[in-house]
Amino acid sequence: MSDKFNDLLNRRGFFWQSFDAYKGMVEAGGFYDYGPLGVGLKRNIINKWLKTFVVPYMDFTIEVETPIIMPRIVFEASGHLENFTDFLVTCSKCGRKYRADHLVEDELRKREVKIKTEGLDERRLDELISQYGIKCPNCGGELGNVQRFNLLFQTTIGPYSSNLGFIRPETAQGMFIDFAKLYELSNRKLPLAVAQVGKVGRNEISPRQGLVRLREFSQMEIELFFDPLNSTCPYLDDVKDVKIRILPEDDVAKGVSAPREVGVKEAVEKGYIVNEWMGFYMGLATVFLNELGVPLDKQLFLAKLPEERAHYARAVFDQVVLTERFGWLEVSGHAYRTDYDLSRHVKYSGQDLSAYRDLQVPRVEKEMRVSPNPVKIKERYGGDAGRIIKYIYDNPDKVLRDIESTGKSVFEAFEISREMIYVSEQEKKTYRERFIPHVIEPSFGVDRLLYVTLENSFVERNGKYVLRLPPDIAPIKVAVLPLIRKDPYPAIGRRIWSMLVMNGIEAVYDDGDTIGSRYVKYDEEGVPFAVTIDDKTPMDNTVTVRDRDTTSQVRVSIDSLVSVISSKIYVRR
RNA sequence: GCGGCCGUAGUCUAGUUUGGAUCAGGACGACGGCCUUCCACGCCGUAGAUCGUGGGUUCAAAUCCCACCGGCCGCACCA
Numbered sequence: 044m045s046d047k048f049n050d051l052l053n054r055r056g057f058f059w060q061s062f063d064a065y066k067g068m069v070e071a072g073g074f075y076d077y078g079p080l081g082v083g084l085k086r087n088i089i090n091k092w093l094k095t096f097v098v099p100y101m102d103f104t105i106e107v108e109t110p111i112i113m114p115r116i117v118f119e120a121s122g123h124l125e126n127f128t129d130f131l132v133t134c135s136k137c138g139r140k141y142r143a144d145h146l147v148e149d150e151l152r153k154r155e156v157k158i159k160t161e162g163l164d165e166r167r168l169d170e171l172i173s174q175y176g177i178k179c180p181n182c183g184g185e186l187g188n189v190q191r192f193n194l195l196f197q198t199t200i201g202p203y204s205s206n207l208g209f210i211r212p213e214t215a216q217g218m219f220i221d222f223a224k225l226y227e228l229s230n231r232k233l234p235l236a237v238a239q240v241g242k243v244g245r246n247e248i249s250p251r252q253g254l255v256r257l258r259e260f261s262q263m264e265i266e267l268f269f270d271p272l273n274s275t276c277p278y279l280d281d282v283k284d285v286k287i288r289i290l291p292e293d294d295v296a297k298g299v300s301a302p303r304e305v306g307v308k309e310a311v312e313k314g315y316i317v318n319e320w321m322g323f324y325m326g327l328a329t330v331f332l333n334e335l336g337v338p339l340d341k342q343l344f345l346a347k348l349p350e351e352r353a354h355y356a357r358a359v360f361d362q363v364v365l366t367e368r369f370g371w372l373e374v375s376g377h378a379y380r381t382d383y384d385l386s387r388h389v390k391y392s393g394q395d396l397s398a399y400r401d402l403q404v405p406r407v408e409k410e411m412r413v414s415p416n417p418v419k420i421k422e423r424y425g426g427d428a429g430r431i432i433k434y435i436y437d438n439p440d441k442v443l444r445d446i447e448s449t450g451k452s453v454f455e456a457f458e459i460s461r462e463m464i465y466v467s468e469q470e471k472k473t474y475r476e477r478f479i480p481h482v483i484e485p486s487f488g489v490d491r492l493l494y495v496t497l498e499n500s501f502v503e504r505n506g507k508y509v510l511r512l513p514p515d516i517a518p519i520k521v522a523v524l525p526l527i528r529k530d531p532y533p534a535i536g537r538r539i540w541s542m543l544v545m546n547g548i549e550a551v552y553d554d555g556d557t558i559g560s561r562y563v564k565y566d567e568e569g570v571p572f573a574v575t576i577d578d579k580t581p582m583d584n585t586v587t588v589r590d591r592d593t594t595s596q597v598r599v600s601i602d603s604l605v606s607v608i609s610s611k612i613y614v615r616r
């Protein structure tokens, strides 16, 4: 299947490896171009995501677009400069590079020393290498110092080479940085969801496997900001009937491999998912995948154990899809990022990225207020009163404390006694307090979704191939096909084609070849409908509409064609 | 990054073992024409190849050697 499938995608031009003209001259794997059909399909997948995650929830969801190149400090704050790294060690003799933590673990296992190197820093790894005398496994040479290889793409901003910039490895940071503005624009309401679709870059050491591991790819992310004291999701009922397949953290830790199939609500109630918002988005993610044509039994939410999680995350589920070619493939990640990101940006930028929370019971604080009594002060010290009064205003707490403990407070040569000040007790009420919101992040990889959509749509029929793409995401909706190229059929066909595209329906016109070979061609391109002009058309203004998946045809009038096709495209399954 | 296999028109491929007369052969696709009345594979014709890149051996290299780049598979990696 895999060969025929790849052959079809290649022939029909969905996507291909970039820089083909320079093949063999440059090392630049992990980049792909989308061809005409790939572009349309990708756009439609993004649109479906927007219609699933953003449009129905515009009462609390907004969309932004932020740069893909960001200055260094952003990634100091986010922790990516420090943590988004692999450890490499280079042999000083033969120049080979190894993953340091894995090399150490492997070599020590050979000496029957069991040690976990996950999470060790480069100093500790250096120590282990010298302590056990680990040498290059290839040539036996001395190993150099362990170095971090950072997966961020680096560039400079402007003409000064010291002004470093980096391509973002996730769209998320732009949304965190903008939180204060976005919160303000949303009338300071939580929960607030911010969505962003865009490109990101990760300088992978050895990318491979086509669209599945790219150095530059597209993400669709949402950062949901909420009050950690109120994590209820009022929209959870929208997905209450959605069944998900899940392997919770406890199961993963115990080595259980059979997933549980439960409703979203049940998964939250039983504690498989620690947060309602996370459950909500995981429910939507399942619906989304269903509508892309991925059956439920090929979907799974897989919990990540603490040591597998990114530096910012408290809980993570990977949404994985069973593929023919790559096995279980991660298409989205659902992370509880806590207040990590906002707090870090507060610390590094000095800006306030907090939100307000109304207190149900106002907090009451008692405050003693001290003010001078000018009459008494003048009585005793006359012309010096002014300085004394100012002193009391500037140091009310000290004056009060002194008087309460010793009966007087001394300022230069003056004694301030109890009768020289007024003391009043005041209540201060606080109705709201500030806090840093917590974040739930569903994050989708567009390119991988495109791949699994294509793979799931591929079927063989009578020795021919069909892409059964859901009609609403198919890049071309209709092929207009005169049965033969002879007057008056082509003219009618062109008129119908024009009518369709003017109504926003993506269509192609084709009068070449035999009718059968054209059906095969457009089946391969995933075109869900074919309109055929035959000998009846000039007589009664009707055409046939052929369904790609059943090959059956219905005859409709040209006048009703646009509405018939539209209703077939957007039917909810 | 390691190991194995591989790189010939848009695509798939013959030729590589045994270097030379194949100025690289075929099929699909594309384009032009003919024929045509509903599910690829009717007929005729046309165009299309720096044989991955660079270097070496040789009178002669797609073919042998080396390096590099890329691809596939396995291992590793994939915050």
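Each residue of the first sequence is one higher than the one before, starting from 44 at the first, in this note's numbering. Just so you know, even glycine gets a beta-carbon here, dropped at the ideal spot from N, CA and C. Nothing here was measured: the structure is a model prediction, and the numbers come from that model.
In DSSP terms, what residue i is bridged to
i, result
"Glu304", "Arg288"
"Trp371", "Leu365"
"Ser600", "Thr585"
"Gly376", "Asp361 and Ser486"
"Phe62", "Looking at the DSSP assignment, Phe62 forms no beta bridge with any residue, so it has no partner."
Pick from the options that is closest to residue i, judged by C-alpha positions
i, options, result
"Thr128", "Pro212, Ser173, Phe62 and Ile88", "Pro212"
"Ile316", "Glu334, Asp281, Tyr355 and Ser274", "Ser274"
"Glu259", "Thr198, Asn246, Met218 and Met545", "Asn246"
"Val132", "Ala310, Gly187 and Glu351", "Gly187"
"Leu84", "Ser560, Val588, Leu510 and Arg591", "Leu510"
"Leu225", "Lys441, Asn505, Met321 and Phe268", "Phe268"
"Phe360", "Thr329, Leu443, Glu458 and Gln197", "Thr329"
"Ser386", "Val363, Ile220 and Pro79", "Ile220"
"Pro110", "Asp76, Tyr175 and Gly217", "Gly217"
"Asp531", "Lys579, Val147 and Asn193", "For the sequence presented, residue 531 should be read as Pro rather than Asp. Comparing Cα positions, the closest option is Lys579."
"Gly253", "Pro439, Gly72, Tyr565 and Leu228", "Gly72"
"Ile459", "Pro439, Gly370, Pro271 and Glu125", "Pro439"
"Tyr494", "Asn230, Gly81 and Gly208", "Gly81"
"Glu549", "Pro533, Pro571, Glu567 and Ser61", "Pro571"
"Arg406", "Arg477, Lys564, Arg251 and Arg528", "Arg477"
"Pro518", "Gly298, His354, Gln262 and Arg86", "Arg86"
"Pro99", "Val588, Asp577, Ala236 and Phe454", "Ala236"
"Val404", "Gly555, Thr594, Ala64 and Thr473", "Thr473"
"Arg380", "Lys297, Ser261, Ser121 and Lys564", "Ser121"
"Glu108", "Asp577, Arg504, Gln262 and Val597", "Gln262"
Contacting residues, own chain, Cβ-Cβ under 8 Å from residue i (five flanking each side not counted)
i, result
"Asn584", "Ser600, Ile601 and Asp602"
"Pro415", "Ile431, Ile432, Ile435, Tyr436, Met463, Ile464 and Tyr465"
"Arg616", "Here Arg616 scores only 48 on pLDDT, less than 50, and its place in the model is too uncertain to base an answer on."
"Lys91", "Phe331, Glu334, Leu335, Asp515 and Ile516"
"Asp427", "Phe457"
Range of the contiguous alpha helix (DSSP H) that encloses residue i
i, result
"Ser606", "Leu604 to Ile612"
"Thr449", "Pro439 to Thr449"
"Ala550", "Careful: Ala550 lies outside any alpha helix (DSSP H), inside the beta strand (DSSP E) at Ala550 to Tyr552."
"Val389", "Tyr383 to Ser392"
"Ala236", "Counting along the chain, Ala236 falls outside any alpha helix (DSSP H), though it belongs to the beta strand (DSSP E) covering Leu235 to Gly244."
The ligand HEM heavy atom lying under 7 Å from the CB of residue i
i, result
"Arg400", "Absence of the ligand HEM from the depicted structure is noted, as is the absence of any ligand whatsoever, leaving it without description."
Proximal residues to residue i (C-beta, below 7 Å), its chain only, five neighbours per side dropped
i, result
"Asp50", "none"
"Tyr552", "Val523, Gly536, Arg537 and Trp540"
"His123", "Leu195 and Pro212"
Contact belief for residue i with residue j at Cβ below 8 Å, rounded distance in angstroms
i, j, result
"Pro485", "Asp382", "Contact flag wrong, Cβ pair sits at about 18 Å."
"Leu279", "Phe331", "Not a contact, Cβ separation roughly 17 Å."
"Leu171", "Asp490", "Rounded, the Cβ-Cβ distance is 38 Å, inconsistent with contact."
"Arg352", "Tyr399", "At roughly 30 Å, the Cβ-Cβ gap does not stay under 8 Å, so Arg352 and Tyr399 are not in contact."
"Val282", "Gly326", "3 Å"
"Ile289", "Phe96", "Their Cβ separation, rounded to whole angstroms, is 19 Å, which puts Ile289 and Phe96 out of contact at 8 Å."
"Glu568", "Arg55", "6 Å"
Unbroken beta strand (DSSP E) run spanning residue i, endpoints
i, result
"Ile576", "Phe572 to Ile576"
"Met101", "No beta strand (DSSP E) contains Met101, which DSSP labels as neither H nor E."
"Phe487", "His481 to Gly488"
"Met463", "Run containing Met463: none; DSSP gives neither H nor E here."
"Glu503", "Phe501 to Arg504"
"Val107", "No beta strand (DSSP E) holds Val107; DSSP gives it neither H nor E."
"Ala522", "Val521 to Pro525"
Same chain, Cβ closer than 6 Å to residue i, five either side skipped, listed in chain order
i, result
"Asp4", "Summary: the structure shown does not reach residue 4, with the chain confined to residues 44 through 616, and so no result is reported for it."
"Asp401", "Arg475"
"Val544", "Ala550"
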